[in-house]
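2 protein chains.
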Amino acid sequence: MKTPARRGRGTRGLSRDEVLDATLDLAEERGLDAVSMRGVADRLGVTPMALYRYVGDKQGLLDGLVERLITELPDDDPGLPWQDRLRALGAGIREVARRHPQVFLLLFMRPTVTEEARRARDTVQALLRSAGVPEDVVPPLQRLLDTIGMGLAASEANGRFSGDAADVDRVYDLAEDLLLTAIERYARE
Amino acid sequence: MKTPARRGRGTRGLSRDEVLDATLDLAEERGLDAVSMRGVADRLGVTPMALYRYVGDKQGLLDGLVERLITELPDDDPGLPWQDRLRALGAGIREVARRHPQVFLLLFMRPTVTEEARRARDTVQALLRSAGVPEDVVPPLQRLLDTIGMGLAASEANGRFSGDAADVDRVYDLAEDLLLTAIERYARE
DNA sequence: CGCTGTAGATATACGCCGTATATTAACCAC
DNA sequence: GTGGTTAATATACGGCGTATATCTACAGCG
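Protein chains in written order, with full-length UniProt numbering: chain A, 1 to 189; chain B, 1 to 189.
Given below as structure tokens:
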């Protein structure tokens with residue numbers, strides 16, 4: 001047995017998924033500031049430079065993190081009434097933001113280009129269509145919806161809403177009310 | 001003349017305002033990543049350690065930056081109709097975000113505690129009151145307003161809205177429409 | 001005027017970061 | 001086996017935040 005450790009020199013054993021798993025764990029445990037090439041590599045029992053093959057560079061690592069965040073969102077169930085689907089989506093976003101407060105902010109910095117992001121966008125647009133929103137309003141309204149959901153979740157998770165939990169809930173209730181009536185109004189026209 | 005340079009060793013010549021001015025300039029010219037203790041110090045012709053007396057540490061520097069961002073918002077004119085005041089505020093936020101895209105994201109990470117932030121919050125609340133929004137709805141609605149404005153501005157300035165300018169404008173129009181009718185609805189009750 | 005305490009700056013150094021470059025070791029096809 | 005390729009390591013560089021120690025110009029006081 002020449003390779004006592006799990007991975008020898010030229011052995012292919014690492015993978016992009018493994019790297020991102022470790023990164024997400026690290027971010028959850030010790031915050032985004034603790035996410036460094038060296039930190040992730042240590043957690044994998046590997047040299048920092050080994051990561052570059054799989055994520056390109058540090059920015060690529062963060063992009064991968066964002067990608068993962070989106071996949072943590074709950075699946076949409078098109079069978080439900082659109083109101084319930086909207087609420088479920090909101091709750092999902094809120095939970096993801098709570099789990100990864102600082103990482104969540106990265107969502108504001110990247111355009112919707114990855115496959116996962118596209119899928120999430122299409123989900124919301126399908127939801128709006130099934131609510132009866134006319135086609136030309138769907139794209140901008142989807143963007144507005146995204147922004148409000150992400151903005152609220154980011155604010156709460158990062159402590160910008162400093163009051164007690166009940167106050168924060170009121171803001172969410174208000175947003176929900178506002179959005180539901182807006183969608184209904186556009187659907188009626 | 002023993003002190004050829006403007007600031008000799010023990011001369012008191014630096015100030016917190018001077019430091020933050022230089023920081024904001026640097027951030028605008030070369031982005032947030034270029035904002036480092038060394039970078040700011042260089043721009044002031046000073047040693048990095050000299051900054052610590054005025055801003056505490058790097059986080060304090062960034063907090064000061066956020067504070068400055070808020071003061072860049074346009075002044076509110078209570079004489080105007082509340083609809084116009086709301087639009088002016090939105091345009092102001094949008095412009096600040098455009099000028100300092102990355103710095104703007106820091107707003108999501110800090111609670112509303114500084115004097116400047118409090119003033120901005122009170123402005124929005126006063127606006128809502130003068131629109132006739134009942135007292136118990138004012139605080140949560142103000143938070144929602146803030147979040148939507150900041151979320152849209154942050155998204156646009158950081159490139160999350162990838163489409164052309166007309167598409168982005170449509171989102172803002174939609175938000176404005178949505179908020180105006182919502183405020184009117186709450187004011188009527 | 002000289003003395004001294006102190007405030008405001010510098011000098012130096014440490015450990016961490018991202019990553020460019022060069023090297024090495026395991027595997028594959030022939 | 002042997003050569004080429006792939007996936008890892010080793011090393012090094014410049015920049016970062018900042019702890020610590022030092023220095024120096026001034027203020028207050030006799």
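We put the beta carbon where it would ideally sit given N, CA and C, even for glycine.
What residues in its chain sit with their C-beta under 7 Å from that of residue i, if we drop five residues either side in the sequence?
i	result
residue 223 of chain B	Lying outside 1 to 189, the shown extent of chain B, residue 223 of chain B is not represented and no answer is given.
valine 138 of chain B	Gln125, Leu128 and Arg129
arginine 53 of chain A	none
glycine 31 of chain A	Gln102
alanine 50 of chain B	Leu14 and Ala41
glutamate 29 of chain A	none
threonine 112 of chain B	Arg118 and Arg121
isoleucine 70 of chain B	Glu116, Ala117 and Ala120
leucine 62 of chain B	Leu106
lysine 58 of chain A	Met37
arginine 39 of chain A	Note on identity: in this sequence residue 39 of chain A is glycine, with arginine being the wrong assignment. Excluding residues within five positions, the ones whose Cβ falls inside 7 Å are Leu26.
Comparing alpha-carbon positions, which option in the options lies nearest residue i?
i	options	result
glycine 149 of chain A	A:Leu174, A:Val40, A:Asp42 and A:Pro48	A:Leu174
arginine 110 of chain A	B:Ala117, B:Ser155, B:Thr114 and B:Leu145	B:Ser155
alanine 117 of chain B	B:Asp84, B:Val66, B:Asp169 and B:Arg43	B:Val66
aspartate 84 of chain A	A:Arg185, A:Arg188, A:Thr112 and A:Leu179	A:Leu179
leucine 177 of chain B	B:Arg87, B:Asp63 and B:Thr71	In the sequence on display, residue 177 of chain B carries aspartate and not leucine. For aspartate 177 of chain B, the nearest C-alpha among the options comes from B:Arg87.
leucine 105 of chain A	B:Met37, B:Gly151, B:Asp167 and B:Asp17	B:Gly151
tryptophan 82 of chain B	B:Ala131, B:Ala97, B:Ala157 and B:Gly45	B:Ala131
aspartate 169 of chain A	A:Asp33, A:Thr181, A:Asp57 and A:Ala153	A:Ala153
residue 235 of chain A	B:Tyr172, B:Glu189, B:Gln59 and B:Ile93	No statement about residue 235 of chain A is possible, as the shown extent of chain A runs from 1 to 189 and does not include it.
alanine 157 of chain A	A:Arg99, A:Thr114 and A:Ala182	A:Arg99
arginine 143 of chain B	A:Arg143, A:Leu144, A:Asp167 and A:Asp57	A:Asp167
glycine 60 of chain A	A:Asp33, A:Met37 and A:Arg43	A:Met37
leucine 145 of chain B	B:Thr181, B:Pro78 and B:Arg160	B:Thr181
glycine 45 of chain B	B:Glu18, B:Gly56 and B:Asp33	B:Glu18
phenylalanine 161 of chain A	B:Arg160, B:Leu141 and B:Gly159	B:Leu141
glycine 159 of chain A	A:Glu184, A:Gly39 and A:Ala97	A:Ala97
Less than 8 Å between C-beta atoms, sequence neighbours within five positions excluded: which residues of the same chain meet that for residue i?
i	result
leucine 89 of chain A	Leu73, Pro74, Asp76, Thr123, Val124, Leu127 and Gly149
methionine 47 of chain A	According to the sequence shown, residue 47 of chain A is threonine rather than methionine. Here the set comprises Ala41.
serine 15 of chain A	Tyr54
glycine 79 of chain B	none
proline 4 of chain A	Any reading at proline 4 of chain A must be qualified, since the residue scores a pLDDT of 32, below 50, and its modelled position is unreliable; the value itself is stated next. Here the set comprises nothing.
glutamate 189 of chain B	Pro134
arginine 43 of chain A	Ala22, Asp25 and Leu26
Counting only the same chain and skipping the five closest in sequence on each side, list residues whose C-beta sits under 6 Å from that of residue i.
i	result
arginine 119 of chain A	none
phenylalanine 108 of chain A	none
aspartate 136 of chain B	none
tyrosine 186 of chain A	Val133 and Val137
glutamate 95 of chain B	none
glycine 163 of chain A	none
leucine 20 of chain B	Gly64 and Arg68
threonine 114 of chain B	Glu67
methionine 1 of chain B	No answer about methionine 1 of chain B holds up, because its pLDDT of 31 lies below 50 and its placement is not dependable.
arginine 6 of chain B	For arginine 6 of chain B, the predicted model reports a pLDDT of 41, less than 50, meaning its position is unreliable and no value from the coordinates is stated.
arginine 93 of chain B	Arginine is not the amino acid found at residue 93 of chain B; the sequence shown has isoleucine there. Excluding residues within five positions, the ones whose Cβ falls inside 6 Å are Gly149 and Ala153.
Quiz prompt | Under 7 Å (Cβ pairs) to chain A, residues found in the stretch 99-127 of chain B | solution = Result list: Leu105, Phe108, Met109, Arg110, Pro111 and Thr112.
Quiz item: Between the stretch 143-158 of chain B and chain A, which residues of the former have a C-beta closer than 7 Å to a C-beta of the latter?
Solution: Within the stretch 143-158 of chain B, the qualifying residues are Arg143, Leu144, Thr147, Ile148, Met150, Gly151, Leu152, Ala154, Ser155 and Asn158.
Exercise. May I have a chain-ordered list of the alpha helix (DSSP H) segments no shorter than 4 residues that lie completely inside the UniProt domain "HTH tetR-type" (13-73) of chain B?
Key: The qualifying runs are 16-30, 37-44, 52-55 and 58-71.
Exercise. Below 7 Å between beta carbons is the criterion; list the residues of the stretch 170-185 of chain A that meet it against any residue of chain B, in chain order.
Key: Going along the stretch 170-185 of chain A in chain order, one finds Arg170, Val171, Leu174, Ala175, Leu178 and Ala182 with a Cβ nearer than 7 Å to chain B.
Quiz item: Between the stretch 131-143 of chain B and chain A, which residues of the former have CB atoms less than 8 Å from a CB of the latter, in chain order?
Solution: Hits within the stretch, in order: Val137, Pro139, Pro140, Leu141 and Arg143.
Quiz item: Which whole runs of the alpha helix (DSSP H) in the stretch 64-142 of chain A are 4 residues long or more, in chain order?
Solution: Correct list: 82-99, 101-105 and 115-130.
Quiz prompt | Contacting positions in the stretch 32-61 of chain A - beta carbon closer than 8 Å to chain B | solution = Closer than 8 Å at the C-beta level to chain B, one finds no residue of the stretch 32-61 of chain A.
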